[in-house]
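Asks: Offset between the sequence shown (1-based) and the working numbering: plus 91.
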Amino acid sequence: MTLDHASGALDGTVIAGRFQGTALSDLSPADLRQLLDEVTGDAQSKQVLEAYLDRVHGPGWRAGGADGRADRAASGTARMTLEEAREVLGVGAEASRDEIEAAYRAAIRRNHPDAGGSSWLAAKINEARELLLG
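1. If contact is defined by three or more beta carbon pairs under 8 Å, each pair taking one atom from either stretch, is the stretch 132–151 in contact with the stretch 93–109?
2. Can the beta-carbon of leucine 224 be found less than 9 Å from the beta-carbon of glutamate 192?
3. Taking the C-alpha atoms as reference points, what is the distance between valine 139 and threonine 113?
4. Using the rule of at least 16 other Cβ atoms within 10 Å of the residue's Cβ for burial, across every protein chain shown, is methionine 171 buried or exposed?
5. Is the Cβ of glycine 149 closer than 9 Å to any Cβ of chain D?
6. For alanine 219, count neighbouring Cβ atoms within 10 angstroms of its own Cβ and tell me buried if that reaches 16, exposed if not.
7. What do you reckon, are the CB atoms on alanine 254 and glycine 207 nearer than 9 Å?
8. Apart from the five residues just before and just after asparagine 217, which ones in its own chain have a Cβ nearer than 7 Å to its Cβ?
9. DSSP beta-bridge partners for aspartate 102?
See below:
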C-alpha cells in the first residue's frame with residue numbers, strides 16, 4: 092500500500108492470488124469484491140483492503156458492493172443495469188450469447204459458495220446472466 096501524504100491518495104498492488112501484480116485502482120468494483128472474498132482468511136490483508144475501500148468508495152460499499160450500491164436485488168428495490176451486468180461478468184456490449192455463457196460459467200466456478208465463494212457475489216453473477224440472456 093502507498094499513501095500520497097500531499098493528496099491523501101491511497102493505492103496498493105495485489106501480491107498474491109488471481110489479481111497478483113494489479114494495482115487496486117485498476118480493479119473494478121466487482122473485482123474488488125472478489126479480492127475481498129479471497130483475503131477473508133487473512134485478517135491483516137482484509138483490514139488493509141477494507142481501509143482502501145472505505146477511503147475510495149466510502150462506507151457505503153459495506154452495504155452490499157464495492158461501488159457503494161446496496162444489494163438491491165436481495166432487497167427487491169431495483170434491478171441491475173445492463174452495464175452492471177456486463178461488468179460483473181467481464182463482457183463487453185458486443186458479447187455473443189456463447190461468450191456470456193462462458194463468462195458466466197467461469198465466474199460462477201470461481202465464486203460459488205460451495206467452493207468457498209461469496210453467496211452475495213454468486214447471486215450477482217446469476218442476476219447478470221439472467222439479465223444479459225433474458
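The C-beta atom is built at its ideal place from N, Cα and C for all residues, glycine as well.
Replies: According to the data block:
1. Yes, since at least three Cβ pairs between the stretch 93–109 and the stretch 132–151 fall closer than 8 Å, the two stretches touch.
2. Contact flag set, yes.
3. 15 Å
4. buried
5. No chain D is present in this structure, which holds just one protein chain.
6. Taking a 10 Å sphere around the C-beta of alanine 219, we find 16 or more other C-beta atoms and assign the residue as buried.
7. In the structure displayed, the chain extends from 92 to 225; residue 254 sits before or after that span and is not available.
8. none
9. Thr93
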